[in-house]
Amino acid sequence: MSDKHVAVLMGGFSSERPVSLSSGNACADALEGEGYRVTRVDVGRDVAAVLADLRPDVAFNALHGPFGEDGTIQGILEYLEIPYTHSGVLASALAMDKGQAKHVAKAAGVPVAEARVMSRFDIGNTHPIEPPYVVKPVREGSSFGVVIVQENQSHPPQVITSPEWRYGDRVLVERYIHGRELTCGVMGDVALGVTEIVPLSHAFYDYDAKYAAGGSKHVIPAQISPNIYQKIQTLALKAHQAMGCRGVSRSDFRYDDRFSEDGEVIWLEINTQPGMTPTSLVPEMAAHAGRSFGELVRWMVEDATCLR
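Shown next, in the form of structure tokens:
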């Protein structure tokens, strides 16, 4: 038993609210199972006042998307002097901005795809780079707003400049990388196992492939050569450290092995608030390393600090 009072922050008001509620409730259940006193907080605009009243010993951050993983809630927790899980203000803000994160990763020697950040209104009717390429909102998660432009498309997709677009005006236009989807979690200063994500009914690992039942298959350990496996672990840890991440993170990669086994390994992005249900990728990686879901969330609570 622990006498620690843990506030699990979940829900919020980003596009990823449903995912956050799943993560938060799963973590709260597991923490109760580990003997912590748990309060579930569905985060609203009054979260600072709610937390000031609660005065928990630790805030377990299970929020996803803007506000929850971009340094904002982290700043509130610093101001209130409540120790919290995952990364701090700077690393969270940096990792959430895909363009800036790419600069930092590249400077640390992590291979990235050629890309440019631009206003979505500047894309117009001509391709900003040679197709195929991917357009991503600079500050969204869970593949919201991701558009793949194929080689045979004569002009950029109109959805990017349409009034219906709700993912912000700055987008990252990035060379499309063929190949397999690989991901690797980091826990503290240790890289976990490498998982291959195989979308079962989708062209790529989009929101439904991530979260809908039967949307994708996770293969851990990924069936790749030992040197590529180890390379991805090394790069995931290098990205985690270059961004200044703390606690748990997860880096996503593409591995193009069409022409040789060495192929091309490209880092796509780092997620400082990865999904945290028992069947999510990082908990699966921790289980593969011999840590139960309860042990994982306990480690995260005991790792929590301010000034991260």
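UniProt numbering puts the sequence shown at residues 1 to 308. For every residue, glycine included, the Cβ atom is placed at its ideal position computed from N, Cα and C.
Local conformation of residue i per DSSP, three classes
| i | result |
| --- | --- |
| M10 | strand |
| C184 | strand |
| P157 | coil |
| P199 | strand |
| E78 | helix |
| N152 | coil |
| D208 | Any reading at D208 must be qualified, since the residue scores a pLDDT of 47, below 50, and its modelled position is unreliable; the value itself is stated next. Correct three-state label for D208: helix. |
| H103 | helix |
| D53 | helix |
| S225 | coil |
| G168 | coil |
| G193 | strand |
| G24 | helix |
| D70 | coil |
| S92 | helix |
| P18 | helix |
| R139 | coil |
| V110 | coil |
| D97 | coil |
Identified DSSP bridge partners for residue i
| i | result |
| --- | --- |
| D303 | The partner list for D303 (beta bridge, DSSP) is empty, contrary to what the question assumes. |
| residue 322 | Absent from the structure is residue 322, since the part of the chain shown begins at 1 and ends at 308. |
| A115 | E174 |
| R37 | H5 |
| F121 | F121 pairs with nothing; no bridge assigned. |
| N61 | L9 |
| D42 | M10 |
| Y84 | A59 and T305 |
| Y133 | V149 and R175 |
| S216 | P199 |
Where residue i falls, given that 16 or more other Cβ within 10 Å makes a residue buried
| i | result |
| --- | --- |
| P274 | buried |
| T279 | exposed |
| Y205 | With a pLDDT of 46 at Y205, under the threshold of 50, the modelled position of this residue cannot be trusted; read the value that follows with caution. By the neighbour-count rule (16 or more Cβ atoms within 10 Å), Y205 is buried. |
| R180 | buried |
| N125 | exposed |
| S225 | exposed |
| Q233 | buried |
| G88 | buried |
| N227 | exposed |
| T183 | buried |
| Y84 | buried |
| T277 | buried |
| P18 | exposed |
Contact the stretch 295 to 305 vs the stretch 64 to 79: 3+ CB pairs below 8 angstroms
Output reads no: the stretch 64 to 79 does not touch the stretch 295 to 305.
Segment contact flag, the stretch 141 to 159 with the stretch 102 to 116, C-beta cutoff 8 angstroms, min 3 pairs:
no
Taking three-plus beta-carbon pairs below 8 angstroms as touching, is the stretch 53 to 67 in contact with the stretch 2 to 11?
yes
Below 8 angstroms, can you find three or more Cβ-Cβ pairs linking the stretch 279 to 293 to the stretch 183 to 199?
yes
With a floor of 4 residues, list each alpha helix (DSSP H) that falls wholly inside the stretch 227 to 295, ordered by position along the chain.
281 to 288
Decide if the stretch 39 to 46 is in contact with the stretch 10 to 26; the criterion is three or more beta carbon pairs, one per stretch, under 8 angstroms apart.
yes
Under 8 angstroms, with one C-beta from each stretch per pair, do the stretch 171 to 191 and the stretch 244 to 251 reach the 3-pair mark?
With contact defined as three or more Cβ pairs closer than 8 angstroms, the stretch 171 to 191 and the stretch 244 to 251 are in contact.
Pairing CB atoms from the stretch 129 to 148 with CB atoms from the stretch 167 to 186, are three or more of them under 8 angstroms?
yes
Inspect the CB distances between the stretch 111 to 124 and the stretch 264 to 273 and report whether three or more fall short of 8 angstroms.
Yes: the two stretches touch, three or more of their Cβ pairs being nearer than 8 angstroms.
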